[in-house]
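In this note's numbering, the protein residues as written are 3 to 80.
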(Lines of atoms letter the chains of each structure in order from A and count residues from 1; the text may use other names and numbers.)
(Lines give C-alpha, C1' and ligand atoms only; values in the text may rest on other atoms or scores of the structure.)
Protein backbone atom coordinates (compact mmCIF):
# COMPACT_ATOMS: atom_id res chain seq x y z
CA UNK A 1 0.00 0.00 0.00
CA UNK A 2 1.32 3.43 -0.84
CA UNK A 3 2.25 5.82 1.95
CA UNK A 4 -0.62 8.20 1.24
CA UNK A 5 -3.23 5.50 0.52
CA UNK A 6 -5.85 4.83 3.16
CA UNK A 7 -6.71 1.27 4.22
CA UNK A 8 -10.23 0.20 3.40
CA UNK A 9 -11.16 -0.42 7.01
CA UNK A 10 -9.94 -0.46 10.57
CA UNK A 11 -9.77 -4.25 10.29
CA UNK A 12 -7.45 -4.00 7.26
CA UNK A 13 -5.23 -1.43 8.99
CA UNK A 14 -4.97 -3.68 12.04
CA UNK A 15 -4.06 -6.68 9.83
CA UNK A 16 -1.38 -4.74 7.92
CA UNK A 17 0.23 -3.46 11.11
CA UNK A 18 0.97 -6.94 12.47
CA UNK A 19 4.70 -7.75 12.63
CA UNK A 20 4.31 -10.84 10.44
CA UNK A 21 2.64 -8.82 7.68
CA UNK A 22 5.26 -6.08 7.92
CA UNK A 23 7.99 -8.69 7.50
CA UNK A 24 6.29 -10.28 4.47
CA UNK A 25 5.78 -6.86 2.87
CA UNK A 26 9.47 -6.05 3.42
CA UNK A 27 10.43 -9.34 1.73
CA UNK A 28 8.28 -8.55 -1.32
CA UNK A 29 9.75 -5.05 -1.51
CA UNK A 30 13.28 -6.47 -1.29
CA UNK A 31 12.59 -8.74 -4.26
CA UNK A 32 11.33 -5.77 -6.30
CA UNK A 33 14.41 -3.70 -5.34
CA UNK A 34 16.70 -6.55 -6.35
CA UNK A 35 15.21 -6.76 -9.85
CA UNK A 36 15.10 -2.97 -10.18
CA UNK A 37 18.81 -2.85 -9.43
CA UNK A 38 19.53 -5.41 -12.16
CA UNK A 39 17.37 -3.48 -14.64
CA UNK A 40 14.71 -6.16 -15.15
CA UNK A 41 11.84 -3.99 -13.86
CA UNK A 42 11.15 -0.27 -13.54
CA UNK A 43 8.76 1.79 -11.50
CA UNK A 44 5.42 2.10 -13.28
CA UNK A 45 6.14 -0.59 -15.89
CA UNK A 46 2.97 -2.56 -15.06
CA UNK A 47 4.92 -5.69 -14.11
CA UNK A 48 5.05 -7.73 -10.93
CA UNK A 49 7.91 -9.70 -9.45
CA UNK A 50 6.73 -13.28 -9.06
CA UNK A 51 8.23 -15.85 -6.70
CA UNK A 52 8.16 -19.14 -8.62
CA UNK A 53 7.81 -21.24 -5.47
CA UNK A 54 5.33 -18.78 -3.85
CA UNK A 55 7.69 -18.27 -0.90
CA UNK A 56 8.20 -14.51 -0.51
CA UNK A 57 11.18 -15.09 1.79
CA UNK A 58 13.08 -16.84 -1.02
CA UNK A 59 14.61 -13.95 -3.00
CA UNK A 60 17.22 -15.94 -4.90
CA UNK A 61 17.61 -14.78 -8.51
CA UNK A 62 16.57 -18.15 -9.90
CA UNK A 63 13.31 -18.01 -7.93
CA UNK A 64 12.28 -14.55 -9.18
CA UNK A 65 10.65 -13.75 -12.52
CA UNK A 66 8.97 -10.73 -14.06
CA UNK A 67 5.35 -11.21 -15.14
CA UNK A 68 2.42 -8.97 -16.00
CA UNK A 69 0.21 -7.93 -13.10
CA UNK A 70 -2.80 -9.74 -14.57
CA UNK A 71 -0.89 -13.02 -14.94
CA UNK A 72 0.65 -12.84 -11.46
CA UNK A 73 -2.66 -12.13 -9.75
CA UNK A 74 -4.74 -14.72 -11.61
CA UNK A 75 -3.21 -18.01 -10.42
CA UNK A 76 -5.43 -20.39 -8.49
CA UNK A 77 -5.03 -20.20 -4.75
CA UNK A 78 -4.91 -23.31 -2.59
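For each residue, glycine too, the CB sits at the ideal point set by N, CA and C.
Requested in this report: Evaluate residue 59 with the Cβ neighbour count: other Cβ atoms within 10 Å of its Cβ, from every protein chain shown; 16 or more gives buried, anything less gives exposed.
Outcome: For the purposes of this step, residue 59 is taken as the residue at position 57 of the chain shown. Residue 59 comes out exposed.
Requested in this report: Please list the segments of the alpha helix (DSSP H) lying wholly inside the stretch 26 to 74, counting only runs of 4 or more residues, in order along the chain.
Outcome: Segments of the alpha helix (DSSP H) lying fully in the stretch 26 to 74: 71 to 74.
Query raised in the report: How about residue 43 and residue 34: are their beta carbons less than 8 Å apart?
Result: To locate residue 43, count along the chain shown from 1; it is residue 41. To locate residue 34, count along the chain shown from 1; it is residue 32. Yes, these two residues count as a Cβ contact at 8 Å.
Requested in this report: In angstroms with no decimal places, state the Cα-to-Cα distance between residue 25 and residue 32.
Outcome: Indexing the chain shown from 1 puts residue 25 at position 23. Indexing the chain shown from 1 puts residue 32 at position 30. About 10 Å.
Query - Where residue 51 falls, given that 16 or more other Cβ within 10 Å makes a residue buried - result: Indexing the chain shown from 1 puts residue 51 at position 49. With 16 or more Cβ atoms within 10 Å of its Cβ, residue 51 is classed as buried.
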